[in-house]
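Some notes on the structure that comes next.
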Amino acid sequence: MHRSARVRFVLVAAAFPAILAPSAGACAQDDAAVERGKAVVEKWCRECHVPNMLAKKRDMAPPFQEIARKTGYDQAAFRAFLDADHFPMTTFRLFDNEKDDVAAYLASLVDK
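So this is what it looks like as structure tokens:
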């Protein structure tokens, strides 16, 4: 291997883990989106989507954890769901950034 090829190889090999690893800023941004989504949910959705232990009425909406565990749902699916109207669910007019944050919050519950 020529010297210049070795130098390039070493530089690429050294940079490779940094390229693959998520940046601290991206993780902090994701955490912030989850927290903002949780705040939206607490304000607008909590009254009907109660935790499992409190859901005594059959007409109550499913708890967030149950929604998050639906097979095939991920953050993109949650976001698409929030773009549509769902009778009998009250349609709240959320801004796009709020929908993104709520989708991030629901996606964060998948593994909990």
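Residue numbers (the working numbering): 2 to 113. Glycine residues also receive a C-beta, built at the ideal position from the N, C-alpha and C atoms.
Would you call residue i buried or exposed, if buried means 16 or more other Cβ atoms sit within 10 Å of its Cβ?
i	result
Ala33	exposed
Gly38	buried
Ala108	buried
Phe88	exposed
Between residue i and the rest of its own chain, which residues show a CB-CB distance below 6 Å, the 5 nearest in sequence each way excluded?
i	result
Ala104	Gln76, Phe79, Arg80
Ala62	Cys49, His50
Phe116	With the chain covering 2 to 113 only, the question about residue 116 has no answer from this structure.
Gln66	Leu110
Cα-Cα, which of the options is closest to residue i?
i	options	result
Val41	Ala69, Phe96, Leu110	Phe96
Could you pull out every residue in the same chain whose Cβ sits closer than 7 Å to the Cβ of residue i, ignoring the five residues on either side in sequence?
i	result
Tyr106	Val35, Gly38, Lys39, Val42
Ile68	Leu107
Among the residues of its own chain, which have a CB less than 8 Å from the CB of residue i, if the five just before and after it don't count?
i	result
Leu83	Leu95, Lys100, Val103, Ala104
Between residue i and residue j, how many whole angstroms is the CB-CB distance? I'm expecting something under 8 Å.
i	j	result
Arg70	Val111	7 Å
Does chain B have any CB closer than 8 Å to the CB of residue i?
i	result
Met61	Of the chains in the structure shown, none is chain B; there is only one protein chain.
> Mind pulling the beta strand (DSSP E) runs of 3 or more residues that sit fully within the stretch 68-97?
Replying inline: Note on the stretch 68-97: there is no whole beta strand (DSSP E) run with a minimum of 3 residues.
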